[in-house]
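S.K.:
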Amino acid sequence: MSNIYHDNEQRTSKRGADEPDRFERGDNAHQLLDGNDNMSLGNRLEKVEKKEREEEEEQQNPVDPTKAAMDQGNEPSRGAKIDKEIMEEEQEYLERKGKA
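In this text, residue positions in the sequence shown follow the working numbering: the first is 58, and each later residue adds one.
1. Keeping to the same chain, check which residues put their C-beta closer than 7 Å to that of K141; ignore five residues upstream and five downstream.
2. Does N99 come out as helix, strand or coil in the three-state DSSP assignment?
3. Taking 8 Å as the limit between beta carbons, can you name the residues of its chain near M58, skipping five residues before and five after?
4. Report the rounded CA-to-CA distance for K108 versus G155, giving the unit in angstroms.
5. Hey, P133 and A126 are a contact pair by Cβ (cut 8 Å); roughly how many whole angstroms apart?
6. Assign K161 to one of three DSSP states: helix, strand, or coil.
7. Looking at the secondary structure, which residues open and close the alpha helix (DSSP H) in which D128 lies?
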């Protein structure tokens, strides 16, 4: 009966168990231009380089709407399949026009 609490308050887990990895914190965890931020220059440089790499990859490889489901071994949703068809049709149209 030690699991029953008499003060009717929720008990939370210990704080250290759910801490995010060093460079996987939220986007707004550190402000790059904040003078009071204690993030080291090396960490700032690595974060900027990582962001640039992600932007380059995104520009080179358009997002496949079915990728998320396929990565997890699931069948893509109907909407994702339709989105993929639309993207392919638009790409074919642009190629016929000579713009892509």
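For glycine and all other residues, C-beta sits at the position ideal for the given N, C-alpha and C.
M.R.: According to the data block:
1. D121, P122, T123
2. In the sequence as displayed, the identity of residue 99 is Gly instead of Asn. G99: helix per DSSP, three-state reduction.
3. Reliability of the predicted coordinates at M58 is poor, the pLDDT of 48 falling under 50, and no value is obtained from them.
4. 32 Å
5. Going by Cβ atoms, the distance from P133 to A126 rounds to 4 Å, so yes, they are a contact pair.
6. This structure does not reach residue 161, given that the chain is present from 58 up to 157, and the question cannot be answered.
7. 124–128
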